[in-house]
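Structure first, then comments.
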Amino acid sequence: MSERRSQEERRGEAERKLVRAAAELVGEIGPARVTLANVGERAGYSRGLATHHFGSKGALLLRVVEAVTQQFREAMIGESGEPLDDLRRLIRVYFEVMSDLQPVNRARLVLWADAVAYPSEDIRPAMVAADREFRAEIEKRLERAVAAGEVAPVSAHGLAAVIVAMLRGVALQSLIDEHVDLAAARAEIEEMVTARLTKENRK
Numbered sequence: 001m002s003e004r005r006s007q008e009e010r011r012g013e014a015e016r017k018l019v020r021a022a023a024e025l026v027g028e029i030g031p032a033r034v035t036l037a038n039v040g041e042r043a044g045y046s047r048g049l050a051t052h053h054f055g056s057k058g059a060l061l062l063r064v065v066e067a068v069t070q071q072f073r074e075a076m077i078g079e080s081g082e083p084l085d086d087l088r089r090l091i092r093v094y095f096e097v098m099s100d101l102q103p104v105n106r107a108r109l110v111l112w113a114d115a116v117a118y119p120s121e122d123i124r125p126a127m128v129a130a131d132r133e134f135r136a137e138i139e140k141r142l143e144r145a146v147a148a149g150e151v152a153p154v155s156a157h158g159l160a161a162v163i164v165a166m167l168r169g170v171a172l173q174s175l176i177d178e179h180v181d182l183a184a185a186r187a188e189i190e191e192m193v194t195a196r197l198t199k200e201n202r203k
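Numbering (UniProt numbering), first residue to last: 1 to 203.
Structure (structure tokens):
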């Protein structure tokens, strides 16, 4: 049993290293130039190990999407107070993630852009599901805020889509231009969202 566990642990470690290597390469050179061979090399293994573990590039990239989505989920999701405060916290955490753009987070943005530009049967459904989950978290906070009387009624679905568009748009700009002022962008988004939601600012 111990030998079997050891084999499973080694396999799990190898897969984690391969997924991280793939995420790094996606962020550095783009998914089109990622190969199973260069992923194996980046991870410190043979050129054929990624093929052995995942079988195809599409399957490997799908695992990358799953991994980066889970990491993003763990960073973003959570409720810590009043609904409107939770929404502000979500926006703040999003920008904290963007300010420290680790390979996995950079890979998430690159894969999202790639799914738009080059639809893939492997990747696009996973990115669509991740986006729906993110919007749903924002919708939930908006609906809670309305129910608590914190804000006037709004289209939670529509506003969630707009908030994601603002967050993602700034993130994509920062991906290609390091001079984008994330702190200023975050402050503007928070102010716009607050103005949209605060009753006194509604006509």
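For every residue, glycine included, the Cβ atom is placed at its ideal position computed from N, Cα and C.
Residue i versus residue j: straight-line alpha-carbon distance, rounded
{"i": "Q87", "j": "L142", "result": "First, the residue type needs correcting, since residue 87 is Leu and not Gln in the sequence shown. Distance between the alpha carbons of L87 and L142 is about 8 Å."}
{"i": "R42", "j": "E13", "result": "14 Å"}
{"i": "N105", "j": "A187", "result": "21 Å"}
{"i": "V39", "j": "A21", "result": "6 Å"}
{"i": "Y118", "j": "V146", "result": "38 Å"}
{"i": "A161", "j": "R135", "result": "6 Å"}
{"i": "H179", "j": "A115", "result": "26 Å"}
{"i": "P103", "j": "V64", "result": "11 Å"}
{"i": "residue 208", "j": "V193", "result": "Any property of residue 208 remains undetermined from this structure, which presents the chain solely from 1 to 203."}
{"i": "L62", "j": "E137", "result": "22 Å"}
{"i": "V34", "j": "V19", "result": "12 Å"}
{"i": "G55", "j": "E15", "result": "12 Å"}
{"i": "P83", "j": "I123", "result": "32 Å"}
{"i": "R73", "j": "E150", "result": "26 Å"}
{"i": "A75", "j": "R92", "result": "11 Å"}
CB-CB length for residue i against residue j, believed under 8 Å
{"i": "L60", "j": "L36", "result": "7 Å"}
Residue i classed as buried or exposed, judged by whether at least 16 other C-beta atoms fall within 10 angstroms
{"i": "N201", "result": "Residue placement at N201 is poorly supported in this model, since its pLDDT is 44, which falls under 50; the coordinates are not used for a value here."}
{"i": "D181", "result": "exposed"}
{"i": "Y94", "result": "buried"}
{"i": "G27", "result": "buried"}
{"i": "I163", "result": "buried"}
{"i": "E139", "result": "buried"}
{"i": "A23", "result": "buried"}
{"i": "I189", "result": "buried"}
Practice task
Spell out a yes or no on whether the stretch 153-167 and the stretch 187-199 are touching, meaning 3 or more CB-CB pairs, one atom from each, closer than 8 Å.
Solution key: yes
Exercise for the section: Report yes or no: do the stretch 166-178 and the stretch 98-109 share at least 3 C-beta pairs separated by less than 8 Å? Expected result: The stretch 166-178 is in contact with the stretch 98-109.
Exercise for the section: Would you check if there are 3 or more beta carbon pairs closer than 8 Å linking the stretch 106-123 to the stretch 171-180? Expected result: yes
Exercise for the section: State whether the stretch 120-131 contacts the stretch 49-69, with contact taken as three or more CB pairs (one from each stretch) at a distance under 8 Å. Expected result: yes
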